[in-house]
Amino acid sequence: MTIEQLIGDALHAADSYEPSPDLFVKVQRSIDEDAVHRRRLRRNLIWAASGVVAVMLYLLGTVDVVEGAVSMSFTSLEVLTTVVMVLIVAVVGPAIRRFGQFYERDAFATDPAVGTQVLKLLDIAYYLIFGAFI
Numbered sequence: 002m003t004i005e006q007l008i009g010d011a012l013h014a015a016d017s018y019e020p021s022p023d024l025f026v027k028v029q030r031s032i033d034e035d036a037v038h039r040r041r042l043r044r045n046l047i048w049a050a051s052g053v054v055a056v057m058l059y060l061l062g063t064v065d066v067v068e069g070a071v072s073m074s075f076t077s078l079e080v081l082t083t084v085v086m087v088l089i090v091a092v093v094g095p096a097i098r099r100f101g102q103f104y105e106r107d108a109f110a111t112d113p114a115v116g117t118q119v120l121k122l123l124d125i126a127y128y129l130i131f132g133a134f135i
């Protein structure tokens, strides 16, 4: 056989190829998941940008510049600090819980019930510590 015949046979064999029936479903699901991910990313970016704008507006309203020195009242600083700490609790808490589950599965593989109880105790300790700071 010549090279041309081998290539022709290979191409004719490719014509008879039937794709898997669930391939379209897999591709469609992947496209849908990507669209959901992009919406979630866009929503998070909008929230972050609006939070930055809110902080900037708050600072513009509460910060005074007197003779080149920047000053802010103590209560304004306390409000800003409290808001930042509450946001840290709201963002970091779920992240610790999500990544803590992987740790719990590895560390307490022999007794999953103990791992679940440890995670509950860590959640309580986390919120108590940050509650004391706030």
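Under our numbering, the sequence shown has 75 at position 74, and the numbering climbs by one with no breaks. We treat Cβ as the ideally placed atom computed from N, Cα and C, and that holds for glycine.
Query, Result
"In angstroms with no decimal places, state the Cα-to-Cα distance between I130 and N45.", "27 Å"
"Does DSSP put S72 in a helix, a strand or coil?", "strand"
"Which residues does DSSP list as the beta-bridge partners of D65?", "S72"
"What does the Cβ neighbour count give for E79, buried or exposed, with the cut at 16 atoms within 10 Å?", "exposed"
"Distance, Cα to Cα, V93 vs V84?", "14 Å"
"Quick check on D10: does DSSP put it in helix, strand or coil?", "helix"
"Taking C-alpha atoms, which residue in H13, S51 and Q102 lies nearest to G116?", "Q102"
"Does the distance from the CB of Y128 to the CB of I97 come in under 8 Å?", "no"
"Under the assumption that F134 contacts M57 (Cβ atoms under 8 Å), give the Cβ distance between them as a whole number of angstroms.", "Not confirmed; about 24 Å, so no contact."
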